[in-house]
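Okay, structure first, notes after.
Number of protein chains: 4
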Amino acid sequence: MVTPLLDNRTLDKIGLNRLIEHLIQGGVHGIFILGTTGEGTSLSYLLRKELIDLTCEMVGDRFPIMVGITDTAPEESIKLTTVAAAAGASAVVAAPPFYFGMSQSELFQYYWKLADQLPLPLFLYNMPSHTKINIAPETVKALSDHPNIFGLKDSSGNAVYFSSVLHMIKSNPSFTLMVGPEEMMASTILLGGHGGVNGGANMFPQLYVALYNAAVARDIELVLVLQEKVMDISQKIYSAGVSGSSYLQGLKTALSLLGICNDFIASPLVNFEAKEKEVLKSNLAQLP
Amino acid sequence: MVTPLLDNRTLDKIGLNRLIEHLIQGGVHGIFILGTTGEGTSLSYLLRKELIDLTCEMVGDRFPIMVGITDTAPEESIKLTTVAAAAGASAVVAAPPFYFGMSQSELFQYYWKLADQLPLPLFLYNMPSHTKINIAPETVKALSDHPNIFGLKDSSGNAVYFSSVLHMIKSNPSFTLMVGPEEMMASTILLGGHGGVNGGANMFPQLYVALYNAAVARDIELVLVLQEKVMDISQKIYSAGVSGSSYLQGLKTALSLLGICNDFIASPLVNFEAKEKEVLKSNLAQLP
Amino acid sequence: MVTPLLDNRTLDKIGLNRLIEHLIQGGVHGIFILGTTGEGTSLSYLLRKELIDLTCEMVGDRFPIMVGITDTAPEESIKLTTVAAAAGASAVVAAPPFYFGMSQSELFQYYWKLADQLPLPLFLYNMPSHTKINIAPETVKALSDHPNIFGLKDSSGNAVYFSSVLHMIKSNPSFTLMVGPEEMMASTILLGGHGGVNGGANMFPQLYVALYNAAVARDIELVLVLQEKVMDISQKIYSAGVSGSSYLQGLKTALSLLGICNDFIASPLVNFEAKEKEVLKSNLAQLP
Amino acid sequence: MVTPLLDNRTLDKIGLNRLIEHLIQGGVHGIFILGTTGEGTSLSYLLRKELIDLTCEMVGDRFPIMVGITDTAPEESIKLTTVAAAAGASAVVAAPPFYFGMSQSELFQYYWKLADQLPLPLFLYNMPSHTKINIAPETVKALSDHPNIFGLKDSSGNAVYFSSVLHMIKSNPSFTLMVGPEEMMASTILLGGHGGVNGGANMFPQLYVALYNAAVARDIELVLVLQEKVMDISQKIYSAGVSGSSYLQGLKTALSLLGICNDFIASPLVNFEAKEKEVLKSNLAQLP
Numbered sequence: 000m001v002t003p004l005l006d007n008r009t010l011d012k013i014g015l016n017r018l019i020e021h022l023i024q025g026g027v028h029g030i031f032i033l034g035t036t037g038e039g040t041s042l043s044y045l046l047r048k049e050l051i052d053l054t055c056e057m058v059g060d061r062f063p064i065m066v067g068i069t070d071t072a073p074e075e076s077i078k079l080t081t082v083a084a085a086a087g088a089s090a091v092v093a094a095p096p097f098y099f100g101m102s103q104s105e106l107f108q109y110y111w112k113l114a115d116q117l118p119l120p121l122f123l124y125n126m127p128s129h130t131k132i133n134i135a136p137e138t139v140k141a142l143s144d145h146p147n148i149f150g151l152k153d154s155s156g157n158a159v160y161f162s163s164v165l166h167m168i169k170s171n172p173s174f175t176l177m178v179g180p181e182e183m184m185a186s187t188i189l190l191g192g193h194g195g196v197n198g199g200a201n202m203f204p205q206l207y208v209a210l211y212n213a214a215v216a217r218d219i220e221l222v223l224v225l226q227e228k229v230m231d232i233s234q235k236i237y238s239a240g241v242s243g244s245s246y247l248q249g250l251k252t253a254l255s256l257l258g259i260c261n262d263f264i265a266s267p268l269v270n271f272e273a274k275e276k277e278v279l280k281s282n283l284a285q286l287p
Numbered sequence: 000m001v002t003p004l005l006d007n008r009t010l011d012k013i014g015l016n017r018l019i020e021h022l023i024q025g026g027v028h029g030i031f032i033l034g035t036t037g038e039g040t041s042l043s044y045l046l047r048k049e050l051i052d053l054t055c056e057m058v059g060d061r062f063p064i065m066v067g068i069t070d071t072a073p074e075e076s077i078k079l080t081t082v083a084a085a086a087g088a089s090a091v092v093a094a095p096p097f098y099f100g101m102s103q104s105e106l107f108q109y110y111w112k113l114a115d116q117l118p119l120p121l122f123l124y125n126m127p128s129h130t131k132i133n134i135a136p137e138t139v140k141a142l143s144d145h146p147n148i149f150g151l152k153d154s155s156g157n158a159v160y161f162s163s164v165l166h167m168i169k170s171n172p173s174f175t176l177m178v179g180p181e182e183m184m185a186s187t188i189l190l191g192g193h194g195g196v197n198g199g200a201n202m203f204p205q206l207y208v209a210l211y212n213a214a215v216a217r218d219i220e221l222v223l224v225l226q227e228k229v230m231d232i233s234q235k236i237y238s239a240g241v242s243g244s245s246y247l248q249g250l251k252t253a254l255s256l257l258g259i260c261n262d263f264i265a266s267p268l269v270n271f272e273a274k275e276k277e278v279l280k281s282n283l284a285q286l287p
Numbered sequence: 000m001v002t003p004l005l006d007n008r009t010l011d012k013i014g015l016n017r018l019i020e021h022l023i024q025g026g027v028h029g030i031f032i033l034g035t036t037g038e039g040t041s042l043s044y045l046l047r048k049e050l051i052d053l054t055c056e057m058v059g060d061r062f063p064i065m066v067g068i069t070d071t072a073p074e075e076s077i078k079l080t081t082v083a084a085a086a087g088a089s090a091v092v093a094a095p096p097f098y099f100g101m102s103q104s105e106l107f108q109y110y111w112k113l114a115d116q117l118p119l120p121l122f123l124y125n126m127p128s129h130t131k132i133n134i135a136p137e138t139v140k141a142l143s144d145h146p147n148i149f150g151l152k153d154s155s156g157n158a159v160y161f162s163s164v165l166h167m168i169k170s171n172p173s174f175t176l177m178v179g180p181e182e183m184m185a186s187t188i189l190l191g192g193h194g195g196v197n198g199g200a201n202m203f204p205q206l207y208v209a210l211y212n213a214a215v216a217r218d219i220e221l222v223l224v225l226q227e228k229v230m231d232i233s234q235k236i237y238s239a240g241v242s243g244s245s246y247l248q249g250l251k252t253a254l255s256l257l258g259i260c261n262d263f264i265a266s267p268l269v270n271f272e273a274k275e276k277e278v279l280k281s282n283l284a285q286l287p
Numbered sequence: 000m001v002t003p004l005l006d007n008r009t010l011d012k013i014g015l016n017r018l019i020e021h022l023i024q025g026g027v028h029g030i031f032i033l034g035t036t037g038e039g040t041s042l043s044y045l046l047r048k049e050l051i052d053l054t055c056e057m058v059g060d061r062f063p064i065m066v067g068i069t070d071t072a073p074e075e076s077i078k079l080t081t082v083a084a085a086a087g088a089s090a091v092v093a094a095p096p097f098y099f100g101m102s103q104s105e106l107f108q109y110y111w112k113l114a115d116q117l118p119l120p121l122f123l124y125n126m127p128s129h130t131k132i133n134i135a136p137e138t139v140k141a142l143s144d145h146p147n148i149f150g151l152k153d154s155s156g157n158a159v160y161f162s163s164v165l166h167m168i169k170s171n172p173s174f175t176l177m178v179g180p181e182e183m184m185a186s187t188i189l190l191g192g193h194g195g196v197n198g199g200a201n202m203f204p205q206l207y208v209a210l211y212n213a214a215v216a217r218d219i220e221l222v223l224v225l226q227e228k229v230m231d232i233s234q235k236i237y238s239a240g241v242s243g244s245s246y247l248q249g250l251k252t253a254l255s256l257l258g259i260c261n262d263f264i265a266s267p268l269v270n271f272e273a274k275e276k277e278v279l280k281s282n283l284a285q286l287p
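Chains as they are written, first to last, in numbering that gives the first Met the number 0: chain R, 0 to 287; chain H, 0 to 287; chain W, 0 to 287; chain S, 0 to 287.
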């Protein structure tokens with residue numbers, strides 16, 4: 000879930016409520032807040048806490064909420080988990096600490112000790128493009144033995160990696176394996192993956208739920224039809240700009256054009272310029 | 000196809016013949032020589048020419064032969080293509096030049112001009128881990144307009160990339176899209192890809208052909224069974240060593256243990272040490 | 000300056016006081032706390048604030064204190080600067096935000112807006128190995144026009160980069176250019192650089208001050224003698240372990256062996272194991 | 000030395016002769032052909048042999064000639080060395096093979112075995128931006144024991160790396176350490192390095208020889224004056240374009256404007272466009 004913002008210090012509360020209702024009506028099975036798409040690392044702790052409280056309050060028990068706690072300081076991750084637990088969230092999600100380079104052994108120790116101290120179950124988050132480190136399949140396998148670690152969200156885009164993890168943890172059916180990139184959700188589900196955590200679902204939740212269902216049902220014909228729509232979104236919305244953050248800029252601009260929430264992007268990233276907004280508007284109109 | 004060698008200057012001709020017959024009996028639809036698995040860039044030009052001639056002679060017209068011409072010097076790629084054409088090969092395959100960094104525009108110009116001069120059709124080869132550059136989907140799309148460029152082998156492992164290319168060139172049904180990593184062949188075929196160029200087929204061609212057929216037939220149950228075998232091979236054969244070239248070392252050692260060809264690896268890479276060979280032998284015995 | 004710790008939540012206050020007095024007696028011209036060597040990003044905000052307050056109190060006006068505010072959330076950098084200003088620090092230091100990838104234009108906007116809002120002068124901090132982005136010489140040049148930005152600490156190790164920045168900002172004599180790596184402090188001063196922010200000065204402040212003075216005086220003979228000692232430290236202390244954090248592990252272990260402060264390293268990094276400590280102890284004894 | 004070309008298959012022989020005389024009159028102590036600046040990896044073997052023969056013939060015994068033999072196929076490196084030895088070259092230079100990733104142990108074995116087989120002394124060439132691998136200081140140290148390996152050209156730009164190698168091999172005074180980037184030649188000589196292999200010397204050999212002499216004489220005042228000129232060239236000639244090969248494009252365009260040789264750049268790289276040539280022409284006129 001994106002974080003609707005008015006400026007660097009202020010949530011777009013009306014937009015947040017509209018977005019949550021949009022997602023619920025769209026049939027999604029849960030939400031992940033304060034992830035990469037949620038700009039978690041860009042927000043002050045005060046704002047992160049406010050978002051957790053408000054979201055939990057607005058959602059109630061209508062679906063589970065997962066909260067991103069990725070941080071370079073483990074103590075802050077623990078504090079945020081305490082906030083999330085008090086607010087009623089279901090679980091937390093942590094990518095590796097991303098300032099210092101780490102070995103797989105250091106990474107294992109980090110996650111194991113962190114999971115020991117958290118009052119909520121922990122979901123691993125592989126995001127090498129942003130964290131500079133890949134959680135090796137062997138490390139995922141070893142961490143899956145921890146009673147408080149129950150899954151992995153893989154946003155590497157690497158299908159060989161995902162297949163390796165899937166193969167390694169197949170003896171542990173309670174460990175959940177999801178992918179970030181929506182472009183590969185269907186193919187990974189067909190091969191045994193458990194789902195997707197897809198940014199595009201902010202805009203079109205029904206489409207992604209339908210694609211998920213088609214893949215689970217192994218209805219390849221339908222998968223191909225829906226996959227085309229997903230790829231159209233990927234190329235028309237996420238690639239409308241030239242910056243490395245074109246994905247987030249496109250997504251937030253589209254949400255604003257769709258009347259769902261404000262398009263402000265937290266510093267250090269910046270919004271689309273006027274010209275890019277025009278491109279996006281035109282691209283959005285072309286989506287079937 | 001691997002290149003069976005006795006030493007840095009000498010082909011293992013008996014092994015080469017045995018390997019080719021093994022592949023033909025295994026039902027593969029064609030072979031790719033002098034690729035990454037074939038150690039093309041490590042061999043002298045004399046040896047590359049010898050391999051092309053011998054292979055074409057041994058295969059005859061039993062299946063098509065594609066020849067790797069990846070080089071930093073375009074003139075050498077052109078000369079090798081002339082050799083391949085004279086010997087009766089069907090097509091050539093080129094990864095980007097890999098010494099100088101290049102922009103997508105420079106890459107486009109390179110491939111376009113190269114294709115103009117080649118006496119055989121050209122297959123693009125995306126291999127960013129070795130060449131330092133990704134052939135962007137937009138560049139593939141633009142190059143697909145060249146009458147002498149007819150396909151792409153993608154060895155990036157990146158499923159988002161592959162889906163993007165697939166989506167972009169769907170209006171050109173004669174452009175062929177294949178993947179290198181066998182771990183993702185089935186999932187890409189299910190989503191519309193056209194096949195795999197898989198190193199493991201050197202050892203067990205029937206398995207990979209069966210997986211291909213199951214994916215084409217959309218028989219997901221069978222795909223899952225065969226995919227497990229493929230993943231077992233990936234983890235037991237390719238990950239038996241600690242070096243970055245463990246894949247090639249494992250593959251060649253296994254081929255030697257299976258009695259197909261010699262396991263010599265051309266310099267600058269080196270063979271498994273005795274201890275690693277023991278691990279591999281034991282792993283190979285565990286394969287079902 | 001390293002951050003002396005008893006555990007993840009507790010400062011080693013006695014060690015901190017001993018270290019500060021050691022540095023003052025060693026003749027250093029100022030200190031930089033909460034940098035990379037200070038494990039700033041690994042510490043909770045509570046601990047960072049405590050360290051700022053305590054250090055400012057212990058130092059008084061004996062030398063200037065610079066405080067690291069590197070963060071992915073600009074709001075937290077601003078809050079920490081407010082704490083630093085209230086405690087009496089002289090300036091703050093910020094490396095680029097390091098979660099999202101950024102363009103040079105985004106980076107320029109980030110720094111410019113940040114400097115606008117800070118109650119203390121800002122020192123740029125180039126640390127591409129940890130932040131994934133290089134502050135381009137052109138960006139440094141453009142930022143040097145901001146009245147609240149007064150210098151750059153370059154820890155890239157790249158002498159071509161440093162020379163380029165030096166050349167570009169030579170028309171602005173009030174802009175200060177320092178290097179992080181002590182191995183290149185002398186050579187950069189000889190060519191016009193202004194100093195070093197060297198981790199080794201925690202152990203042997205007099206040596207690094209002497210090297211600085213020799214370079215400023217252009218006494219090459221003395222520079223060569225002292226440079227040898229600095230390189231001995233680099234190879235015997237910082238390379239005693241095998242991990243990527245061997246530098247920090249070696250430095251903190253040496254400080255502990257020298258009786259200055261505790262050697263605890265904050266999670267996510269870990270301390271040397273017993274065997275590595277023995278190597279370091281032996282190496283330390285060999286230093287002249 | 001750049002390679003003067005008329006097109007991908009033809010040397011600019013008149014330009015080559017003019018360039019060689021220009022370098023001799025400029026006082027350089029030797030030349031390095033077929034390096035990165037010489038586009039060695041882009042040229043056909045036929046052309047490389049022709050260049051070696053012609054250069055050796057034109058130079059005679061007026062200064063030593065070093066020949067780049069960097070290749071992914073060791074056999075080709077050996078063959079080229081035989082050509083160089085027959086033509087009268089003094090030594091050869093090899094960067095690591097750059098297609099397959101390698102470990103330091105594999106790299107050591109590669110160089111050791113290569114040096115065993117070469118009929119000329121071997122100079123190591125560290126060029127991690129192009130080869131994807133750094134020759135670790137420990138590996139240089141180990142290789143310096145080979146009787147046929149006598150030096151290192153470091154083009155990493157990394158001053159910490161260079162200082163580490165310098166420190167490690169100081170017990171072997173016959174091992175020669177030079178840097179590629181001219182921006183750091185003076186500072187490395189001041190600290191004990193032995194010289195530079197500088198692309199800019201193609202244009203202005205006297206300037207770089209003067210800078211070398213000033214650094215050897217420890218005349219810092221003069222070094223600073225000349226270093227400014229070198230940095231002006233770096234920023235006005237090498238950064239006139241936007242491509243990653245702007246350095247080579249700028250250098251060859253300037254040589255053409257100076258009337259020394261043709262500016263053709265071998266494929267896969269491309270020449271400056273007209274607009275960039277105008278920028279360069281104007282920049283060149285501004286050089287003092």
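Note that beta-carbon positions come from the ideal geometry of N, C-alpha and C, so glycine has one too. Here the structure is a predicted model, which is why all the values come from computation and not from measurement.
Near the ligand HEM: residue i beta-carbon under 6 Å from a heavy atom
{"i": "H:Leu176", "result": "In the structure on display, the ligand HEM does not appear, and there are no ligands present to speak of."}
Burial state of residue i (16 or more Cβ within 10 Å)
{"i": "W:Glu220", "result": "exposed"}
{"i": "S:Asp60", "result": "exposed"}
{"i": "W:Leu45", "result": "exposed"}
{"i": "R:Gln116", "result": "exposed"}
Pairwise C-alpha distance: residue j and residue i
{"i": "R:Gly179", "j": "R:Gly198", "result": "8 Å"}
{"i": "S:Ala273", "j": "S:Ser266", "result": "18 Å"}
{"i": "R:Leu94", "j": "R:Tyr246", "result": "A small fix is needed here, since residue 94 of chain R is Ala in this sequence, not Leu. Each residue's alpha carbon lies about 19 Å from the other."}
{"i": "R:Leu190", "j": "S:Gln103", "result": "38 Å"}
{"i": "W:Val164", "j": "W:Glu182", "result": "19 Å"}
{"i": "H:Ser155", "j": "H:Gly194", "result": "15 Å"}
Chain-order list of residues whose beta-carbon lies under 7 Å from that of residue i (same chain, five-residue window excluded)
{"i": "W:Phe271", "result": "Gly240, Gln248, Thr252 and Leu279"}
Near-chain R residues of the region 259–280 of chain W (beta-carbon distance less than 7 Å), N- to C-terminal order: Ser266, Pro267, Leu268 and Val269
What residues in the region 79–103 of chain H have a beta carbon less than 7 Å from any beta carbon of chain S? Pro96, Phe97, Tyr98, Phe99, Gly100, Met101 and Ser102
Check whether the region 9–17 of chain S touches the region 253–263 of chain S, taking contact to mean three or more Cβ pairs, one atom from each stretch, closer than 8 Å. yes
Quick one: any contact between the region 273–287 of chain S and the region 233–240 of chain S, if contact means 3 or more CB pairs under 8 Å? By the C-beta criterion, the region 273–287 of chain S is judged to be in contact with the region 233–240 of chain S, since at least 3 inter-stretch pairs fall below 8 Å.
Check whether the region 118–130 of chain H and the region 119–133 of chain R touch, using three or more Cβ-Cβ pairs below 8 Å as the test. Because the criterion of three Cβ pairs below 8 Å is not met, the region 118–130 of chain H and the region 119–133 of chain R do not touch.
Contact residues within the region 121–152 of chain W, judged by C-beta distance below 7 Å to chain R: His129 and Lys131
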